[in-house]
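Quick note: my numbering has the sequence shown finishing at residue 328, numbered continuously throughout. Think of the CB as a built atom: it goes at the ideal place given N, C-alpha and C, for glycine as much as any other residue. Predicted model only: the values in this text are computed from it and were never measured.
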Amino acid sequence: MLSGVVIDKREVRRVALLAETLVEEWLNRQGYFTVRGVKGGVREMDLLAVRHSSSSDPEGLHVEVQASFRPNNYVARLARQHAKDRGVGRTAAIARTPEMVREAAQERGHDKVLHPVKF
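Dropping the structure here:
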């Protein structure tokens, strides 16, 4: 429940699917071939995008898409070290500088992509 409004889980999934579809369409228009839902063990990536041109090596992207009913939610968790330095949890509602968001995204990418169970 959010502000007295009950959000149906099926509706949340539909919004997530719509967000993935929009990102996939954008990638396709940029010349990427896309595959959805590539699985590795119990892990799954939203989109795998590959683009090749005759003048360069193939380019690949692992894309995770997120949509939220609460746009005031944080963009990224705090990186572990930032949370520790401030004595707060990683989901604390504090302002994040662009550098803090970058570090959190790098940490998340490392955790997701370089996890021992690889795709």
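For residue i, three-class secondary structure by DSSP
i, result
"residue 251", "coil"
"residue 206", "Outside the displayed range of the chain (210 to 328) lies residue 206, so it cannot be described from this structure."
"residue 310", "helix"
"residue 258", "strand"
"residue 270", "strand"
"residue 318", "helix"
"residue 305", "coil"
"residue 230", "helix"
"residue 299", "coil"
"residue 219", "helix"
Whole-number beta carbon distance between residue j and residue i, since they are thought to touch under 8 Å
i, j, result
"residue 301", "residue 287", "6 Å"
"residue 276", "residue 224", "5 Å"
Beta-carbon gap between residue i and residue j smaller than 8 Å
i, j, result
"residue 292", "residue 317", "no"
"residue 236", "residue 244", "no"
"residue 259", "residue 250", "no"
"residue 254", "residue 273", "yes"
Boundaries (first-last residue) of the alpha helix (DSSP H) holding residue i
i, result
"residue 295", "289-295"
Distance cut-off 7 Å: residue i Cβ against heavy atoms of the ligand HEM
i, result
"residue 320", "Looking at this structure, you won't find the ligand HEM or any other ligand, since it has none at all."
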